[in-house]
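Residues 1378 to 1489 in the working numbering are what the sequence shown lists, from first letter to last.
This report concerns only the one structure given below.
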Amino acid sequence: MMVTVQRSGGFAGLTRTWQVDVAAEPDTESWLVLLDLVPWSEAPAPTQPVQPDRFVWVISAETSPAKKAKLPEQQVTGPWRELVDRVREVSDAEGEGERGAAHDPTAPGHGA
């Protein structure tokens, strides 16, 4: 089961994508618990206006049924933040992160 986190926007307008195959992770069960904690049904409607120079996150999970949410950065809190950070961290550690973009100094473990 793939979990994908995509970040776009910001001052430079770049898009970055991180992905993790949860089924291939040694702690699959903890991933599934986290995915259940994420309030997918409470994600805002994608028609809400985006604030200039802020990031927009698209988070998806290939579950049954598939789940997908588009969130402005100020709403990536709680379980959303935990999922985003975890996907980025694991993806970067496996050399899968930041496809299509240069180094991201805001990524977990890279210092800010």
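No residue lacks a Cβ here, since even glycine has one placed at the ideal position from N, Cα and C.
Between residue i and residue j, what straight-line distance do the alpha-carbon atoms span, to the nearest angstrom?
{"i": "S1468", "j": "R1393", "result": "12 Å"}
{"i": "G1477", "j": "G1390", "result": "In this prediction, G1477 scores a pLDDT of 40, lower than 50, which makes its location untrustworthy; no coordinate-derived value is stated."}
{"i": "A1438", "j": "G1386", "result": "21 Å"}
{"i": "L1409", "j": "P1416", "result": "13 Å"}
So what does DSSP say about residue i, is it helix, strand or coil?
{"i": "A1420", "result": "coil"}
{"i": "P1469", "result": "The sequence given here has Asp at residue 1469, not Pro. Looking at D1469 - three-state DSSP - the assignment turns out to be helix."}
{"i": "R1458", "result": "helix"}
{"i": "S1407", "result": "helix"}
{"i": "V1399", "result": "helix"}
{"i": "R1558", "result": "Beyond the ends of the chain as shown, which are 1378 and 1489, falls residue 1558; an answer cannot be given."}
Along the beta strand (DSSP E) that carries residue i, what are the first and last residues, could you check?
{"i": "L1391", "result": "Looking at the DSSP string, L1391 is not in any beta strand (DSSP E), and its letter there is neither H nor E."}
Have a look at the options and flag the residue whose alpha-carbon is nearest the alpha-carbon of residue i.
{"i": "A1400", "options": "F1432, W1434, V1382 and T1440", "result": "T1440"}
{"i": "E1419", "options": "A1470, K1444 and Q1396", "result": "K1444"}
{"i": "Q1396", "options": "F1388, R1384 and E1406", "result": "R1384"}
{"i": "V1382", "options": "G1472, A1470 and R1458", "result": "R1458"}
For a cutoff of 8 Å on Cβ pairs, would you count residue i as touching chain D?
{"i": "A1443", "result": "Of the protein chains in this structure there is only one, and it is not chain D."}
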